[in-house]
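*Asks:* Residue numbers (my numbering): 2 to 458.
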Amino acid sequence: MRKADVIVIGGSAAGIPAAITCRRHYPEKSVLLVRSEKQVLIPCGIPYIFGTVGSPEKNLIPDAVLEKNGVDFLVDEVIDIDCDSRVLATAGGEEIGCQRLVLATGSVPMVPPIPGVDKENIFPMKKDVSYLQHVLDVLDGASDLVIVGCGFIGVEIAEECRKRRKDLNIKIVEMLRHCLQLVYDEEFCFKAEEVLMDQDIDLLLDEKVEAFLGDGKVEGVKLSSGREIEADMVIMGIGAAANTGLARKAGLEIGPTRGIQVNRYMQTSDENIFACGDCAEKVSFFDGKPSGLKLASIAGMEARIAGANLFGPQRVNMGVIGVFSTMLGDTAFAAAGLTETLAREKGYTIIVGEAEAINRHPGGMSGAAKLKVKLIFEAGSRVILGGQVSGARSGGELINGISACIHQRMTADDIATFQTGTHPALTASPIVYQLVNAAEIAIANSWKLSTRWRMPG
Ligand SMILES: Cc1cc2nc3c(=O)[nH]c(=O)nc-3n(C[C@H](O)[C@H](O)[C@H](O)COP(=O)(O)OP(=O)(O)OC[C@H]3O[C@@H](n4cnc5c(N)ncnc54)[C@H](O)[C@@H]3O)c2cc1C
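1) Would you say the region 121-139 touches the region 47-56, given that touching needs at least three Cβ pairs under 8 Å?
2) Run the proximity test for VAL35: is its beta-carbon closer than 8 Å to any non-hydrogen atom belonging to ligand 2?
3) Could you name the residues of the same chain whose beta carbon sits closer than 8 Å to that of LEU61, not counting the 5 residues immediately before and after it, in chain order?
4) Grab me the residues of GLY117's own chain with a C-beta within less than 6 Å of its C-beta, minus the 5 sequence neighbours each way, in chain order.
5) For ALA20, count neighbouring Cβ atoms within 10 angstroms of its own Cβ and tell me buried if that reaches 16, exposed if not.
6) Within the same chain, show all residues whose beta-carbon is closer than 6 Å to that of ALA15, passing over the 5 residues directly before and after it, in chain order.
7) By the three-class DSSP mapping on this structure, what secondary structure does GLN389 have?
8) Which residue wins for smallest C-alpha separation from LEU1, given the options MET366, ALA443, ASP233 and ASN122?
9) Nearest-angstrom Cα distance between THR258 and PHE275?
10) Contact check, SER37 vs ALA5 under 8 Å by CB: the rounded distance?
11) Across the region 179-186 and the region 335-347, are there enough close Cβ pairs to call them in contact, namely three or more that are closer than 8 Å?
12) Ligand 1 and ILE352: does any heavy atom of the ligand fall closer than 8 Å to the residue's C-beta?
13) Looking only at C-alpha atoms, which of ALA242, LEU75, PRO48 and LYS128 sits nearest to ARG165?
14) Below 8 Å, is the gap between the Cβ of THR106 and the nearest heavy atom of ligand 1?
15) Would you report the Cα separation of VAL88 and MET411, rounded to the nearest angstrom?
16) Indicate, with yes or no, if ligand 1 has a heavy atom lying under 8 Å from the CB of PRO44.
17) Taking the straight line between their C-alpha atoms, what separation do you get for VAL328 and GLU95?
18) Run through the region 21-46 for me and flag every whole beta strand (DSSP E) of 3 or more residues, listed as ranges in chain order.
19) Based on the DSSP secondary-structure assignment, which residues constitute the bridge partners of ASP331?
20) Where does PHE287 sit, in a helix, a strand or coil, going by DSSP?
21) Relative to ligand 1, is the shortest distance from any of its heavy atoms to the C-beta of ALA90 smaller than 8 Å?
22) Specify whether the region 374-390 and the region 352-359 touch according to this definition: at least 3 beta carbon pairs, one from each stretch, less than 8 Å apart.
23) Is it the case that the CB of LEU253 approaches a heavy atom of ligand 1 more closely than 8 Å?
24) Take GLY240 as the anchor and find which of ASP119, ASP81, TRP448 and LEU296 has the nearest alpha-carbon.
25) Starting from GLY221 and walking both ways along the beta strand (DSSP E), at which residues does that stretch end?
26) Go through its chain and collect everything with a Cβ distance to MET302's Cβ below 8 Å, but skip five positions before and after it.
27) Roughly how many angstroms separate the alpha carbons of SER144 and GLY221, rounded to a whole number?
28) Does any heavy atom of ligand 1 sit closer than 8 Å to the C-beta of ASP168?
29) Straight-line CA distance for PHE459 to GLU175?
30) For ligand 1, is there any heavy atom lying closer than 8 Å to the beta carbon of ILE296?
31) State the Cα-Cα distance for the pair ALA445 and ALA439, rounded to the nearest angstrom.
32) Relative to the C-alpha of ARG228, which residue among LEU205, GLY215, PRO291 and MET237 is closest?
33) Under 7 Å Cβ to Cβ from LYS152, same chain only, skipping five residues before and after it: list those, please.
34) Beta carbon of SER391, beta carbon of VAL324: below 9 Å?
35) Please tell me whether, using a cut-off of 8 Å, the distance from the CB of ASN244 to the nearest non-hydrogen atom of ligand 1 is below it.
36) Quick check: ALA251 and ILE82, are their CB atoms within less than 9 Å of each other?
Here it is, written out as structure tokens:
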């Protein structure tokens with residue numbers, strides 16, 4: 002029987018960093034990564050195969066990253082786990098034993114039980130090279146594309162399909178009132194909608210899909226308003242469900258959002274088996290309640306916790322903040338933590354600060370573009386709860402700085418006075434630096450609400 006100290010099942014955003022982290026922390030341990038697909042897609046790059054990148058073959062994670070870090074890998078499907086003996090069985094007929102096991106089996110796209118959803122040319126976004134090549138082939142012959150879901154996946158695919166096919170009719174159907182509404186406050190959603198409509202992408206908001214129409218192949222979509230729209234191709238971009246079949250079969254505990262239940266060390270209900278990424282249960286950083294967020298960035302964070310903890314507790318998962326970024330047209334949109342709307346819904350009293358400035362000084366420097374930052378703080382403690390950014394490309398990195406502020410539970414005063422690096426060719430001037438100014442403005446706004454200590458007289 003083949004043996005490895007550690008086996009990781011899954012070769013994507015969670016499996017790879019879990020294996021590499023284990024090798025870094027425990028270089029004496031052998032690590033075998035088992036994955037079912039021959040070629041691994043860069044999951045977040047999938048929308049870009051429809052336009053910018055051009056094909057699934059150009060959107061792959063190279064195996065060299067495993068080889069370079071001393072991780073062995075096997076392309077096979079694990080079909081059974083015996084938790085007591087820690088032996089796995091694969092579809093290829095292998096039995097492999099280990100001391101520790103990491104489940105990074107990911108997720109599968111959600112397919113809601115809408116009548117007609119199984120018609121031909123309706124495509125959930127599977128992470129599979131040959132499947133996506135078929136989707137591209139169908140796209141090249143399509144006239145009317147309907148995308149269901151106006152979240153990140155839906156808007157990115159719509160824009161990329163427009164890049165590929167100027168003559169294609171593209172409609173996005175979204176049951177919420179705005180595109181990207183779960184992640185941004187209204188003013189940012191309006192901006193994103195404008196960018197999409199400028200590219201001749203029709204937005205059918207506040208509309209639910211009632212049925213897919215057609216004989217065998219999809220021919221149309223019936224909406225909750227009674228309207229029927231033509232469609233010879235449909236792409237579903239409405240979220241993903243944890244892939245837990247193997248874990249269930251092995252008898253591991255499943256959590257409230259149907260992920261594999263883990264503790265804050267990423268251990269499952271079996272202490273020798275860890276789970277991370279889309280397949281694992283999550284809690285919110287803010288209130289510790291179950292969270293259904295599934296992101297590659299979260300998968301990586303959890304994998305680095307699981308990998309380090311395999312032979313002793315070293316790291317603790319603080320829960321998911323939720324950090325998103327995308328680029329629509331020439332505008333970056335990014336968000337971390339709670340929106341103003343969500344914070345109010347959760348019962349927080351909040352203060353908000355916004356600052357917009359050119360990301361260069363003087364503004365005539367090359368690469369100059371506006372960058373807007375909005376920060377949300379809990380009013381009493383002034384601890385940061387969330388941030389949103391739109392404008393210049395540098396917003397994609399700035400949001401990671403904001404996420405670090407949230408993670409460290411920094412206050413508005415901490416952010417207003419922390420030491421930044423600025424440069425004419427790289428950032429806004431220190432006088433108008435957006436992050437610091439948004440915090441200052443929130444503090445100024447807080448005086449209107451506050452009973453905090455102030456200078457007498
Ligand atoms: C179109 C699209 C765009 C996205 N864009 C972004 C983005 O911009 N930013 C972001 O943060 N997130 C994005 N995401 C989400 C991101 O893709 C996921 O969060 C991420 O892929 C999760 O990684 P994972 O390793 O947990 O799971 P997966 O990527 O689902 O990988 C699961 C792995 O497990 C393997 N596996 C499963 N079962 C078995 C078995 N029985 N035996 C062997 N191997 C098995 C699979 O073969 C695969 O290698 C996007 C998702 C999609 C679909």
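Idealized CB from N, CA, C, for every residue including glycine.
*Replies:* The short version:
1) yes
2) Only ligand 1 can be found as ligands here, which leaves ligand 2 out of the picture.
3) GLN40, VAL41, LEU42, ILE43 and VAL130
4) ALA212 and PHE213
5) buried
6) ALA105, CYS277, GLY278, ALA300 and ALA304
7) strand
8) Only positions 2 to 458 of the chain appear in this structure, which leaves residue 1 out of reach.
9) 18 Å
10) Rounded, the Cβ-Cβ distance is 17 Å, inconsistent with contact.
11) yes
12) no
13) PRO48
14) yes
15) 45 Å
16) yes
17) Note that residue 328 corresponds to Met in the displayed sequence, not to Val. Using only the alpha carbons, I get a separation of about 44 Å.
18) 32-36
19) According to DSSP, which records beta bridges pairwise, ASP331 is partnered with nothing at all.
20) coil
21) no
22) yes
23) no
24) LEU296
25) 221-224
26) ASN318
27) 12 Å
28) no
29) Since the first residue shown for the chain is 2 and the last is 458, residue 459 is missing from the structure and cannot be characterised.
30) This sequence places Leu at residue 296; Ile is not what is there. Within the cutoff, so yes.
31) 10 Å
32) LEU205
33) Inspection of the sequence shows that residue 152 is occupied by Gly rather than by Lys. Answer for GLY152: LEU181, LEU183 and GLY238, listed in chain order.
34) no
35) yes
36) yes
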